[in-house]
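Colleague: There's a structure below that I have some questions on.
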Ligand code: PLP
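Residue numbers (the working numbering): 1 to 399.
Pasting the structure below:
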């Protein structure tokens with residue numbers, strides 16, 4: 001009999017992290033691998049934030065932080081959403097966590113009763129399903145395709161709703177497709193949700209600042225959704241601090257209080273060094289601070305899109321409006337064989353084969369599609385210019 005609880009035994013491992021470990025091992029063994037794998041920016045933490053973090057360490061004191069975060073940070077987060085999105089949040093509605101993954105988990109634990117349903121449009125971020133599972137909810141997946149720009153339609157939403165539906169998870173801009181909802185599209189989804197007042201929207205806005213042209217719209221800006229939206233966001237992407245583990249949720253006060261209770265009995269407050277740095281980040285003009293980063297991402301995005309359209313059109317390239325990923329359809333290569341004989345039955349076979357050929361990407365399975373692979377462009381353009389032709393050549397070598 002296994003010593004591991006069924007709850008955990010049934011849980012999928014994070015595929016992206018598993019692949020990253022394999023790449024580390026191959027590199028350590030001397031293999032040259034181009035990694036288009038990870039969801040972490042290849043930029044340093046902005047200098048002013050580094051300075052604040054260092055100064056905080058030099059202060060020399062390290063008391064336990066308040067469970068829901070330092071008050072000036074919670075105030076800065078509320079003020080940020082007020083200034084940028086006109087949302088009248090206050091500090092007591094903000095709970096700062098050890099990464100936004102924890103914020104999402106806190107939110108789900110706070111609102112789900114066992115067996116309640118969570119609607120998740122696919123493709124989705126890899127951790128939603130396991131987090132719903134851990135919170136004893138039931139994930140209800142709605143597939144979307146490139147024909148609707150990977151967006152959930154009001155019709156599909158309506159059909160998926162039952163009396164057990166408790167949460168709809170939206171991720172805009174999205175990991176893995178880069179799609180982003182417009183105000184009008186959110187308005188249309190809201191019209192469906194208005195008929196079902198028991199449903200909450202969990203809005204994952206972690207890529208909110210990484211956009212190419214259009215501006216971010218939060219579901220909380222739709223008046224009928226304001227009191228039913230839980231925003232989850234963090235500092236891992238735009239502020240390039242994934243290793244400093246800092247995220248947050250903003251929600252109506254009873255949910256924020258419940259999330260604080262969960263966090264108080266699990267990890268307690270997030271690390272103060274990162275919190276102080278984050279205050280400095282939010283007090284700066286994010287457009288100015290991030291302009292060079294966005295420019296670099298946009299240049300890479302444009303290069304990849306043009307490359308794919310002309311060299312790999314069967315991958316159905318979709319021009320991302322935000323985040324830093326492409327989600328490529330590899331169904332045209334399924335059923336084919338590698339030169340050494342392995343058959344490409346699903347996306348995972350393709351990623352294993354590509355890794356043998358020196359390019360690391362993630363299989364779409366964990367994102368809800370066994371016919372796609374995800375590439376990240378959080379790597380230097382020089383690597384991308386080498387990696388994509390190598391990837392294309394390897395796919396073309398399949399027979
Ligand atoms: N949400 C999405 C869509 C993500 O892509 C990630 C990280 O990859 C997270 C949440 C979690 O970020 P963190 O826990 O580092 O704040």
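In this text, a Cβ means the ideal position worked out from N, Cα and C, and glycines have one as well. Since the structure is predicted, the reported quantities are computational estimates derived from the model, not experimental observations.
Considering residue 277, what are the terminal residues of the alpha helix (DSSP H) in which it resides?
Modeller: 272-283
Colleague: Rounded to the nearest angstrom, what separates residue 342 and residue 366 at their Cα positions?
Modeller: Computed Cα separation, rounded: 22 Å.
Colleague: Please list the terminal residues of the continuous alpha helix (DSSP H) segment that includes residue 369.
Modeller: Note, residue 369: premise wrong, no alpha helix (DSSP H); not H, not E.
Colleague: Examine the ligand PLP and report whether any of its heavy atoms sits within less than 6 Å of the Cβ of residue 125.
Modeller: yes
Colleague: Using C-beta distances below 7 Å, list every residue in its chain close to residue 301, excluding the 5 sequence neighbours before and after it, in chain order.
Modeller: Exclusion of the five residues before and after residue 301 leaves 212, 320, 377 as the residues of its chain whose Cβ lies within less than 7 Å of its Cβ.
Colleague: Whose beta carbon lies closer than 6 Å to any heavy atom of the ligand PLP, going through the chain in order?
Modeller: Answer in sequence order: 39, 99, 100, 101, 125, 171, 175, 204, 206, 234, 236, 242, 247.
Colleague: Under a Cβ-count criterion, where at least 16 other Cβ atoms within 10 Å of its own Cβ denotes burial, should residue 215 be classed as buried or exposed?
Modeller: exposed
Colleague: With a threshold of 8 Å, are at least 3 pairs of Cβ atoms found where one atom belongs to the segment 235-251 and the other to the segment 125-132?
Modeller: For the pair of segments examined, the segment 235-251 was found not to touch the segment 125-132: the number of CB pairs separated by less than 8 Å stays below three.
Colleague: Using the Cβ count rule (16 or more neighbours within 10 Å means buried), how would you classify residue 1?
Modeller: Label assigned to residue 1: exposed.
Colleague: So, using beta-carbon positions, are residue 137 and residue 157 closer together than 7 Å?
Modeller: No, these two residues do not count as a Cβ contact at 7 Å.
Colleague: Taking only beta-carbon atoms, is residue 110 less than 7 Å away from chain B?
Modeller: The structure shown has no chain B; it contains just one protein chain.
Colleague: Just to check my reading of the structure: residue 69 and residue 94 have Cβ atoms closer than 8 Å, yes? What is that Cβ distance to the nearest angstrom?
Modeller: 7 Å
Colleague: Measuring only the C-alpha atoms, how far is residue 121 from residue 327?
Modeller: Put simply, the backbone Cα of residue 121 is about 15 Å away from that of residue 327.
Colleague: Would you report the Cα separation of residue 318 and residue 178, rounded to the nearest angstrom?
Modeller: The alpha-carbon separation between residue 318 and residue 178 amounts to approximately 8 Å.
Colleague: With a cut-off of 8 Å on the beta carbons, I'd call residue 258 and residue 110 a contact; round off their distance for me.
Modeller: 4 Å
Colleague: If you follow the beta strand (DSSP E) that residue 234 is in, where does it begin and where does it stop?
Modeller: 229-234
Colleague: What does DSSP give as the partner residue(s) for residue 143 in the beta ladder?
Modeller: 122
Colleague: Tell me the residue span of the alpha helix (DSSP H) that contains residue 364.
Modeller: Looking at the DSSP string, residue 364 is not in any alpha helix (DSSP H), and its letter there is neither H nor E.
Colleague: Would residue 220 and residue 210 be called neighbours here (beta carbons separated by less than 7 Å)?
Modeller: Judged by beta-carbon spacing, residue 210 lies beyond the 7 Å limit of residue 220, meaning their Cβ atoms are not closer than that value.
Colleague: Excluding sequence positions up to five away, which residues of its chain have a Cβ less than 7 Å from the Cβ of residue 298?
Modeller: 212
Colleague: Please state whether the Cβ-Cβ distance between residue 188 and residue 242 is less than 7 Å.
Modeller: no
Colleague: Below 8 Å, how does it come out for the segment 279-293 and the segment 138-145: are there three or more Cβ pairs, yes or no?
Modeller: Contact between the segment 279-293 and the segment 138-145 is absent: fewer than three C-beta pairs spanning the two stretches fall below 8 Å.
Colleague: Report the residue from 203, 384, 11 whose alpha carbon sits nearest the alpha carbon of residue 186.
Modeller: 203
Colleague: Would DSSP call residue 351 helix, strand or coil?
Modeller: In the structure shown, residue 351 sits in a helix (DSSP, three-state: H, G or I).
Colleague: Note the first and the last residue of the continuous beta strand (DSSP E) segment covering residue 204.
Modeller: 200-204
Colleague: Give the straight-line distance between the Cα atoms of residue 364 and residue 372, rounded to the nearest whole angstrom.
Modeller: 5 Å
Colleague: Could you tell me the boundaries of the beta strand (DSSP E) in which residue 341 lies?
Modeller: Note, residue 341: premise wrong, no beta strand (DSSP E); not H, not E.
Colleague: Using the C-alpha atoms, what's the distance from residue 58 back to residue 52?
Modeller: 10 Å
Colleague: Going by other Cβ atoms of all chains shown within 10 Å of its Cβ, with 16 needed for buried, is residue 173 buried or exposed?
Modeller: Burial of residue 173 is indicated by the presence of at least 16 other C-beta atoms within 10 angstroms of its C-beta.
Colleague: How should residue 181 be labelled, buried or exposed, when 16 other C-beta atoms within 10 angstroms of its C-beta is the threshold for buried?
Modeller: buried
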